[in-house]
Amino acid sequence: MKRTALYQHHRALGAKMTDFHGWEMPLYYTSILEEHKAVRQALGIFDISHMGQVLVTGDGALAMLNRLLVSDISQVAEGRACYTLMLNEQGGILDDLIVYRIGSDDYLVIINCANRQSDFDWLQAHRHPQATVTSISEGRSMLAIQGPLAARVLENLLDARVSSLGRFGIAPIRTMGPESCIARTGYTGSDGFELFVSDYHAQRLWDAILEVATARSGGAIGLGARDTLRVEAALRLYGTDMDTTTSPLEAGLGWTVAMNKTEFIGKPALVQQKQRGLVRQFVGFELAQGPIPRSGCELKANDRKIGQVTSGTFSPTMNKPLGMGYVEPDFAKPGTTLTLTVRAQTYPATVVKLPFWKAQSLPVSPASGVSSGYRSAKASDADVPSRCCPPAIEG
Amino acid sequence: MQFPEELRYTTTHEWIKLQGTEAVVGITAHAQQELRDIVFIELPKVGTVVKQAAAVAVIESVKAAFDIYAPVSGTIKRVNEAVTGSPQRVNQDCYGVGWLFAIEPSDSQEFSRLLSVEAYRQKLQAETH
Chain E
140 MKRTALYQHH RALGAKMTDF HGWEMPLYYT SILEEHKAVR QALGIFDISH MGQVLVTGDG
200 ALAMLNRLLV SDISQVAEGR ACYTLMLNEQ GGILDDLIVY RIGSDDYLVI INCANRQSDF
260 DWLQAHRHPQ ATVTSISEGR SMLAIQGPLA ARVLENLLDA RVSSLGRFGI APIRTMGPES
320 CIARTGYTGS DGFELFVSDY HAQRLWDAIL EVATARSGGA IGLGARDTLR VEAALRLYGT
380 DMDTTTSPLE AGLGWTVAMN KTEFIGKPAL VQQKQRGLVR QFVGFELAQG PIPRSGCELK
440 ANDRKIGQVT SGTFSPTMNK PLGMGYVEPD FAKPGTTLTL TVRAQTYPAT VVKLPFWKAQ
500 SLPVSPASGV SSGYRSAKAS DADVPSRCCP PAIEG
Chain P
22 MQFPEELRYT TTHEWIKLQG TEAVVGITAH AQQELRDIVF IELPKVGTVV KQAAAVAVIE
82 SVKAAFDIYA PVSGTIKRVN EAVTGSPQRV NQDCYGVGWL FAIEPSDSQE FSRLLSVEAY
142 RQKLQAETH
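Listed in order, the protein sequences are those of chains E and P. Counting in this note's numbering, the first sequence runs from 140 upward without gaps. Counting in this note's numbering, the second sequence runs from 22 upward without gaps.
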């Protein structure tokens, strides 16, 4: 199994390790529930170095990304980022990813661990003649620091005005070498940051951040709590909630798609799907009590199967089981009662509006007066309603 | 890790304690620690006739669901409703308030097939080394 540069740090903390798509990663250090609460109430540090980092640069970078991704990348200002999707010709989702514009023609693309090779091959195969695609994962790490105390803690440690970085903003960390960045992004629904740095700096940052986090009732967070956190925030997991057989429209990610763009891979298929109407829709549901809805469980209405669960968990914040999955559009309205089957027993489940949980206050996006080395977004950019930040987070 | 001397154990990490005509069943400290965050427990119905080593209950932690097996054959006499309401009791006190159900054994011979505390400790050591 592959290991990150922080493997020994995880072992030293007594982490329970797990195989995640060929990577030996921490599942939990103490307890999934405790780690979850630490992130919601204080802060937690995650090693997410299993994710892939790709640089797309050059005069043709924007044109290339605009053809490969569903969002309008020309709307992403320098020092800003965009959550978006990459589709195949049939409109199926190849991956969900975040594109950070770190220079006028330089884009840092963060891809899912399971798709590192296939995404890179796809980018290479569709390379613009005036663009360069480089995998920069080797020798580099990714850390996520998430939770309401993350900004304060990082501000002290990094000697940078990270608090003024807007949501989905990115800035260089000048003291840590080229392409070292801090971004106000994450996969938890809480406020937080992601750091893209060398293995060397990651190891030192890990120790320093963990020490402060522990003193403030936070700590190291494994993949177990990463999953419960992302479910509460209704953030889709590639390979579980979506894959090449699902389209952005079905997955409830239509807001990422810039249908007004002249062309992008998968657009004709989406146009057709829009005309024909959807056959299924992504929804969230909750149980008053009962077992955890897990991937593959059936959803029924009037004794007929109308859908299937893709993700579920026990919500430590709301103290009840939550699930997400695909149902026939007639049953997608919040308030609809469905029947969930788990181990041959049935339980009533109610469709609810997503996300299940939302942070009370999050930084605005984009920020005014960003103290980053990247050029701040122009005033006119700030006026454009961003398609790049999930509405659930912006709203 | 605590493994009380007076209990018998199964290879599937349940404990059982004979008390008069019934036998009380729970999961061991090892099982509790492996499962960690227990959030849901499904117990058998009182009156159910169960066979030794049959799956009779389910414990779910955040990460996965696990079957609980009947250490001996018999009839379910009582179940611990308190743990279905507060599953974390099993994490907190797996030999006490976190007991799961009581069986009236139908075949006393089956007890001889259960593990003593030494045998259970040896099995755990063999698993982890």
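Every residue, glycine too, gets a C-beta built ideally from N, C-alpha and C. No experiment lies behind these values; they were computed from the predicted model shown.
Nearest candidate by alpha-carbon position, reference residue i, set the options
| i | options | result |
| --- | --- | --- |
| E/I321 | E/G328, E/S329, E/A341 | E/A341 |
| E/G450 | P/L28, P/A85, P/I62, P/L39 | Note on residue identity: the sequence assigns Ser, not Gly, to residue 450 of chain E. Comparing Cα-Cα distances from E/S450 to each of P/L28, P/A85, P/I62, P/L39, the minimum goes to P/A85. |
| E/M457 | E/N441, E/T478, E/L438, E/K497 | E/K497 |
| E/L334 | E/C252, E/T327, E/L293, E/R369 | E/L293 |
| E/K400 | E/R142, E/W162, E/L207, E/Y167 | E/L207 |
| E/L297 | E/F332, E/A270, E/Q263, E/R219 | E/F332 |
| E/L409 | E/T143, E/A270, E/E228 | E/E228 |
| E/G328 | E/T157, E/K413, E/N205, E/G286 | E/G286 |
| E/T83 | E/R415, E/Y326, E/G363, E/Y339 | Residue 83 of chain E cannot be examined here, being either before or after the span of chain E that is shown, 140 to 534. |
| E/G153 | E/K472, E/Q256, E/I360 | E/I360 |
| E/H189 | E/K413, E/R279, E/A397 | E/R279 |
| E/E173 | P/Q109, P/E139, P/Q146, P/Y90 | P/Q109 |
| P/A75 | P/D88, P/V67, P/K66 | P/D88 |
| E/D245 | E/A220, E/R375, E/L374 | E/A220 |
| E/T480 | E/I431, E/M381, E/G474, E/T395 | E/I431 |
| E/A181 | E/Q420, E/V351, E/L262 | E/V351 |
| E/T384 | E/S243, E/Q256, E/G230 | E/G230 |
| P/P65 | P/A50, P/T105, P/S127 | P/T105 |
| E/F495 | E/M463, E/T476, E/R482, E/T475 | E/M463 |
| E/Q499 | E/P317, E/T169, E/H175, E/R179 | E/R179 |
| E/G325 | E/K155, E/G393, E/D366, E/Q256 | E/D366 |
Sub-7 Å separation of residue i and residue j beta-carbons
| i | j | result |
| --- | --- | --- |
| P/I124 | P/A44 | yes |
| P/T31 | P/P92 | yes |
| P/F122 | P/V70 | no |
| E/W345 | E/H160 | no |
| E/A177 | E/G358 | yes |
| E/L288 | E/R369 | no |
| E/L501 | E/D330 | yes |
| E/E163 | E/R150 | no |
| P/V83 | P/D58 | yes |
| E/G218 | E/I312 | no |
| E/L201 | E/I184 | no |
| E/S386 | E/Q412 | yes |
Whole-Å CB distance - residue i paired with residue j, under 8 Å assumed
| i | j | result |
| --- | --- | --- |
| E/Q447 | E/Y465 | 6 Å |
| E/G191 | E/H267 | That belief does not hold up - the Cβ atoms of E/G191 and E/H267 are roughly 20 Å apart, past 8 Å. |
| E/I241 | E/V193 | In fact, because the Cβ distance is near 12 Å, the residues do not count as touching under 8 Å. |
| P/K38 | P/E26 | Actually they do not touch by this definition, with Cβ atoms about 11 Å apart. |
| P/I48 | P/E35 | 6 Å |
| E/I237 | E/I284 | Not really, about 16 Å apart at Cβ, beyond 8 Å. |
| E/V195 | E/A144 | So it is not a contact: roughly 24 Å between Cβ atoms. |
| E/M381 | E/I232 | 5 Å |
| E/L171 | E/A364 | Correcting the residue type first, residue 171 of chain E is Ile in the shown sequence and not Leu. With a Cβ gap of about 5 Å, E/I171 and E/A364 count as contacting. |
| E/G429 | P/F61 | 7 Å |
| P/L145 | P/H51 | 6 Å |
| E/S210 | E/T395 | 5 Å |
| P/S137 | P/R29 | 7 Å |
Contacting residues, own chain, Cβ-Cβ under 7 Å from residue i (five flanking each side not counted)
| i | result |
| --- | --- |
| P/Q53 | V111, N112, C115 |
| E/L417 | L388, E389, P468 |
| P/E131 | Q73, V93, S94 |
| E/T157 | M164, L166, L362 |
| P/S133 | none |
| E/K472 | V490 |
| E/V248 | V193, V195, L236, V238 |
| P/R99 | V67, F122, A123 |
Neighbourhood of residue i by C-beta distance below 6 Å, restricted to the same chain and skipping five residues each side
| i | result |
| --- | --- |
| E/S454 | E371, L461 |
| P/K72 | S94 |
| E/F470 | A440, I445 |
| E/R433 | G451 |
| P/T33 | Y90 |
| P/W120 | V45, G47, N101 |
| E/T478 | K439, T485 |
| E/M203 | H267, A270 |
| E/R559 | Coverage of chain E is limited to positions 140 through 534, which leaves residue 559 of chain E absent and any answer about it impossible. |
Sequence-distant residues of the same chain with beta carbon closer than 8 Å to residue i, five excluded per side
| i | result |
| --- | --- |
| E/A253 | H160, Y377, G378 |
| E/Q420 | E389, G391, Y465, V466, E467, P468, A471 |
| E/V509 | Here E/V509 scores only 37 on pLDDT, less than 50, and its place in the model should not be relied on; the value that follows carries that caveat. Within the same chain, E/V509 has close Cβ partners G218, S303, L304, G305, G308, A310, S515, A516. |
| E/M140 | D158, G161, W162, E163 |
Below-7 Å beta-carbon distance, residue i vs any chain B residue
| i | result |
| --- | --- |
| E/I232 | Reference to chain B is not applicable here, since the protein chains of this structure are E and P. |
With a cut-off of 8 Å, do at least 3 Cβ pairs link the segment 273-282 of chain E to the segment 209-227 of chain E? No: the two stretches stay apart, fewer than three of their Cβ pairs being nearer than 8 Å.
Notebook entry, point to check: Does the segment 474-493 of chain E come within contact of the segment 423-431 of chain E, defined as at least 3 CB pairs closer than 8 Å?
Noted result: Cβ pair count under 8 Å is three or more, so yes.
### Message
Between the segment 425-445 of chain E and the segment 395-411 of chain E, can you find at least three pairs of beta-carbon atoms closer than 8 Å?
### Response
With a cut-off of 8 Å, the segment 425-445 of chain E and the segment 395-411 of chain E do not count as touching, because too few Cβ pairs lie within range.
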